[in-house]
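A quick write-up on the structure given underneath.
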Amino acid sequence: MTTASILRLCASQELVLAMRARATQIFAVVFAALSLVVSASGYILSGGSGVQDFARTASSLTELVLFVVPMMALLVGTTALSPDQGAAELLFSQPVARRTLMWGRLLGLFAALVAAQAIGFGISGLIIFSQSGDDGVTSFLLLGAGSVALTAVSLSAAAAIASGAGGAAGRRCARGLAIALSTWFVAVVLYDLVALGLASLLRSGPASRLLITATLANPVDAIRTGVLLGIQGTSAFGSASLALLRFTGGTTRASMLIVAAVIVWIAVPALAAARRLERADI
Amino acid sequence: MIAFRHFTKTFASHPAVRDLSLEIGGAEVVALLGPNGSGKTTTLKAAAGLIRPTSGDVLIGEPGRPAGDPGAREALSFLPQRVAFPESLTGREVIEFYRRLRGVDRDAADAALKLASLNGSSGRAIATYSGGMVQRLGLAVALLPSAPVMLLDEPTAALDPDGLCAFYSVIEHRKAAGQTILFTSHQLGDAERLADRFAILVDGRLAALLTARELSDRLASRGVLRLRVEHEPADLLNRVRRLSPEATQSGDQLIVPGPAGTRPAVVDLVRESGASILGLTAEEGRLDVFYRDLVGGRS
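If you read the sequences in order, they're chains H and A. The first sequence maps to residues -17 to 264 in the working numbering. The second sequence maps to residues 450 to 748 in the working numbering.
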């Protein structure tokens, strides 16, 4: 069997498993419901009525995506990839490199989570299109791309967590989930507060450098900055994003730097997981 | 076919297997025996390429390749001790996945399901399977490829009598076809029925490597004859001890350890002494007793 066909086989099996998993189904339903609520509620909150257009919906949905997508991908990925003793022994005794099995499973999980998000984006997109036309559809697609990138980053982190969660076989998944939730809390909730708090204690120059580093060092921040840059330009930027923009000297170079940071965040944890898995005792 | 050369595996400074050297040839069936924690599963998992030796080598196939090499695993199939599958899949979906992964034709998949007596339930979700059915599904997966080497970790532990019959039949068939089989078991019956040789691990060390005949002789020598007697003369125990020095008496019961060959002489002696024999039982040697003897260095 070729590596490509093994990848396809593992991905399709993992896709089936993820689609049948209650967590993925709940994610798809909740994400679709929240997307609908957000797209329908924007005008109501500002005193108007009716469905928002694509650009406004994308702006309103950004925080929801940044909050929900990493959590689901981390939890689903860590659960699926943590070695379940009996299943892992059988799977890894097959004449296939462990890293190939891991990449195949990651691809399947990625496809399942992207499909779940596509349902949410798709339903709200259809309603917006029917009510408000296609104005600002590019912003909406950019948010979708950011969401897909965030899924890839989070699954890569989940692979690293699953391969590194030690302890007794039966407790690896629970330990992995605890690490995944902590990672999510730090990256999505705590990180910005700490970065801004530290920056407020520094003078302008060092504070800017700290904020630039902080934006690129956290993939959630990097994707947030990239999406906001595409949707709203610099008008919606906070201090960290503005510091990055000043440092790079323009939106094009800032975008390239963000894309590079996201690629690194997708590749490095997954490669480290593959390397660790190859050397691990199962 | 399988070669352990000074294989040692240590987990967090605890040695699980120490300096194991064992060569298993083609078409040979070897049972790995030993008490819990003796290193049987670690040994089997090293052969399956699942754990890396701390030192030494584990080689599979002809010519031998390190078990950790994915290519070497073409030559083997492995059944773990506690097999598990995703519960939302059906038995058929599991078999289909492994069939495609091993590049086996569909007929082999059907045959494996039939041998594991899962034909009628292969369309059901694994969540509905009993522990024995999951184990039989694992066995079906292990039987899918006709790899030259089979590694089975306590394959009969969860099998019912029907499953056991099917298992014996498959292994005997594979053995006749020239497959090399290394398996662990706590059931002496399994080991005696299937194995050509017995590797006995105690505390991670190879304590004995015996043929079927040698094991049988050793176990027989550790049998016990129990006689319920009455009207026995006062010196009966001393007379019996001339034949079996470890004989003891507890109430009306005379307990005579020793080889099966001495039993007729003991019975004759008791009768000739004028004692009446009310009851008689004979037990063959037990593996746990044998292990204890090995630990005590009396092998």
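Quick reminder that beta carbons are idealized off the backbone N, C-alpha and C, glycines included.
- With respect to chain H, the C-beta atom of A/VAL532 has a partner C-beta closer than 8 Å.
- Burial state of A/VAL678 is buried, judged by a 10 Å Cβ sphere holding 16 or more other Cβ atoms.
- Taking 9 Å as the Cβ-Cβ cut-off, the region 230 to 241 of chain H has no residue approaching chain A.
- Rounded to the nearest whole angstrom, the C-alpha separation of H/GLY158 and H/ALA140 is 8 Å.
- Residue pairing by DSSP places A/GLY728 opposite A/ARG677 in a beta bridge.
- Ranked by Cα distance from H/MET238, the options H/SER64, H/ARG257, H/GLY212 and H/VAL58 are led by H/GLY212.
- According to the DSSP assignment, A/HIS622 belongs to no beta strand (DSSP E) but to the alpha helix (DSSP H) extending over 610 to 625.
- At the C-beta level, A/LEU600 and A/ARG585 stay beyond 8 Å of one another.
- In this structure, H/ALA40 keeps its C-beta atom at 8 Å or more from the C-beta atom of H/GLY90.
- Assignment of beta-bridge partners to H/SER121 by DSSP yields no partner.
- Residues of the same chain with a CB within less than 6 Å of the CB of A/VAL673, apart from the 5 flanking positions on each side, are PRO706 and GLU732 in chain order.
- The beta carbon of A/ALA521 sits closer than 7 Å to the beta carbons of GLY498, ILE509, GLY510, ARG514 and PRO515 from its chain, once the five residues preceding and following it are set aside; these are given in chain order.
- The region 91 to 99 of chain H makes no contact with the region 70 to 80 of chain H, as fewer than three CB pairs between them are under 8 Å.
- In this structure A/GLU663 is not in contact with A/HIS635, their Cβ atoms being roughly 20 Å apart against a cut-off of 8 Å.
- Listed along chain H are PRO77, each with a C-beta nearer than 9 Å to that of A/GLU523.
- Note on geometry: alpha-carbon atoms of A/ARG549 and H/TYR173 lie some 45 Å from one another.
- Under the three-state reduction of DSSP, H/GLU(-4) is assigned to helix.
- Among the CB atoms of chain A, one or more fall inside 8 Å of the CB of H/ALA69.
- Neighbours of A/PRO529 in chain H, taken as residues whose beta carbon is under 7 Å from its own, are GLY68, GLU71 and LEU72 in chain order.
- Taking CB atoms only, H/MET84 has no neighbour in chain A less than 8 Å away.
- For A/ILE451, not one C-beta of chain H is nearer than 8 Å to its own C-beta.
- Secondary structure of A/ARG531 (DSSP, three-state): coil.
- Just so you know, the alpha carbons of A/LEU650 and A/ASP737 end up roughly 12 Å apart.
- Two segments are said to touch when three or more pairs of C-beta atoms, one from each, lie closer than 8 Å; by this definition the region 630 to 646 of chain A touches the region 468 to 480 of chain A.
- Taking all protein chains shown into account, A/ALA626 has fewer than 16 neighbouring C-beta atoms within 10 Å of its C-beta and is therefore exposed.
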